[in-house]
Amino acid sequence: MSPNPALAVLPPLRGRVQREAPLAPFTWFRVGGPADVLVRPADAEDLLLLLRDMPGDLPLTVIGAASNLIIRDGGLRGVTLRLARGFGEVVVEPDGIVAGAAALDAVVAETAAAADLAGLEFLIGIPGSIGGAVAMNAGAYGAEVKDVLDWAEVATPGGLLRLSHAELAFAYRHAALPARAVVTRARFHAAPGDAAVTAARMQAIRSQREATQPVRARTGGSTFKNPDGHKAWALIDAAGCRGLALGGAEVSEKHCNFLINTGAATAAELEALGEEVRARVLAQSGIALEWEIKRLGEAMP
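Numbering (full-length UniProt numbering), first residue to last: 1 to 301.
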């Protein structure tokens, strides 16, 4: 294999740098091609060095828990960044939680509950990590990140910034991050609560997810955003798409706003099936569904 040109222009890092790195094992769909270079920085200092010294025209893609992501079969060009151990700390404060970007949303919810803090229970129902939750203003069960976030720290080529709730300008499934910025940690406010009530609320969310979503399948969470005044799943169901299949990809019978890899799907099949669903919903209802799942990388030639 010829040397990867992306490796030659990266600064010396203490974290792990891997060329032609398989990415499918990281994604919940278990599909997708390799990264030209996968970088897992040791800590925030390592990440800042990378962002400062890597060429500005070198593509940079950040992946977290990859729970709402389709990586196309041709893989990702340039540098793919994945935050791991050095970014997973969760710290309890008297009126909130400070969590690293790699901490799982569910772990933050459980940590808050164990400290008798209420208000973060909804995070137990979001299958991802804190960095992604901030970047996309993740939400579930009547609450969103914007409702509980005080500030987020982000690494940029110019250094580390602390952005307030207002500066992040949250919108539906969106936060306004600077160019090539990477969320490193965030603070969420919470309030003293009754431990039994908090535990019951979290168990109710778990039970509802188990009953209504294909949580044990190879899936990627909600496929499409809910249009104003509508539920995406209801539009998909009305268009006759429940159980629709293409190759190894299938629309979930249990919750039809979920796509499933039944075992041998390609990223191309999942994306094509999603586009077929969009076309049928548009034809049936006149509403154009927008993807909530991110689709990144290049298709196979």
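Where a beta carbon is used, it is the ideal one built from N, C-alpha and C, also for glycine.
Classify Gly158: buried if its beta carbon has 16 or more other beta carbons within 10 angstroms, exposed otherwise. exposed
Would the stretch 181 to 200 count as touching the stretch 210 to 222 if we require 3 or more Cβ pairs under 8 Å? no
Taking the beta strand (DSSP E) that Val37 belongs to, which residues open and close that run? 35 to 40
For the stretch 6 to 26 and the stretch 47 to 60, state whether three or more C-beta atom pairs, one from each stretch, are separated by less than 8 Å. yes
Whose CA, out of Trp291, Val277, Glu292, lies closest to the CA of Ser285? Checking every option, the nearest Cα to that of Ser285 belongs to Val277.
Since Gly297 contacts Gly75 with CB under 8 Å, what's their CB separation in whole angstroms? 6 Å
If we count Cβ pairs, one from each stretch, closer than 8 Å, do we get three or more for the stretch 244 to 254 versus the stretch 12 to 28? In short, these stretches do not touch, since the Cβ pair count stays below three.
Tell me which residues share the same chain as Gln213 and place their Cβ nearer than 7 Å to its Cβ, disregarding the 5 neighbours each side in the sequence. Lys254, His255, Phe258
Measuring CA to CA, which of Ser207, Arg30, His189 is closest to Leu117? His189
8 Å contact criterion, which Ala288 and Arg185 should meet: CB distance rounded: Not really, about 36 Å apart at Cβ, beyond 8 Å.
Under a three-way DSSP split, which group does Thr156 fall into? Collapsing the DSSP output to three states places Thr156 in a strand.
Nearest-angstrom Cα separation, counted from Pro178 out to Ser67: 23 Å
DSSP three-state call for Pro192: helix, strand or coil? If DSSP states are grouped into helix, strand and coil, Pro192 belongs with the strands.
Count the other CB atoms, across all protein chains shown, that sit within 10 Å of the CB of Asp73; report buried if there are 16 or more and exposed otherwise. buried
Taking Ala106 as the reference, which of Lys231, Ala138, Arg180, Ala155 has the closest Cα? Ala138
Can you name the residues that DSSP bridges to Trp151? Looking at the DSSP assignment, Trp151 forms a beta bridge with Ser164, Arg187.
Residue-chain proximity (Gly193, chain D), Cβ-Cβ < 7 Å: Protein chain content of the structure displayed is limited to a single chain, and chain D is not contained in it.
Beta carbon of Ser282, beta carbon of Ile70: below 7 Å? Residue 282 is actually Leu in this sequence, not Ser. Contact: no.
Of all the options Arg173, Ala152, Leu160, which has the alpha carbon lying nearest to the alpha carbon of Glu167? Ala152
Could you please give me the residues that DSSP links to Glu81 through a beta bridge? Per the sequence presented here, residue 81 reads as Leu, with Glu not at that position. Looking at the DSSP assignment, Leu81 forms a beta bridge with Val39, Val62.
Quick check on Pro22: buried or exposed, where buried means 16 or more other Cβ atoms within 10 Å of its Cβ? exposed
Grab me the residues of Glu98's own chain with a C-beta within less than 7 Å of its C-beta, minus the 5 sequence neighbours each way, in chain order. The displayed chain sequence assigns Val, not Glu, to residue 98. If we look at Val98 and ignore the five residues flanking it on each side, its Cβ neighbours are Val91, Arg185, Arg187.
Using only CA atoms, which one of Ala84, Ala265, Val148, His165 lies nearest to Ala42? Ala84
Straight-line CA distance for Ala232 to Gly64? 25 Å
Reference Ala176; option with closest CA among Gly240, Glu250, Ala133, Gly142: Ala133
When you compare the CB positions of Phe29 and Asn261, do they come within less than 7 Å of one another, or not? With respect to Asn261, Phe29 sits close: the two C-beta atoms are nearer than 7 Å.
Nearest-angstrom Cα distance between Gly240 and Met300? 30 Å
Roughly how far, in whole angstroms, is the beta-carbon of Ile130 from the beta-carbon of Val108, given that I think they are within contact range, below 8 Å? 6 Å
If you scan the stretch 86 to 153 from start to end, which runs of the beta strand (DSSP E) of 3 or more residues do you find wholly inside it? Whole beta strand (DSSP E) segments, 3+ residues: 90 to 93, 96 to 100.
How about Leu47 and Ala155: do their beta carbons lie closer than 7 Å? Yes, these two residues count as a Cβ contact at 7 Å.
Residues that Ala249 bridges to, as DSSP identifies them: Leu246, Asn261
Can you look up Glu292 in the DSSP assignment and give me helix, strand or coil? For Glu292, the three-state secondary structure derived from DSSP is coil.
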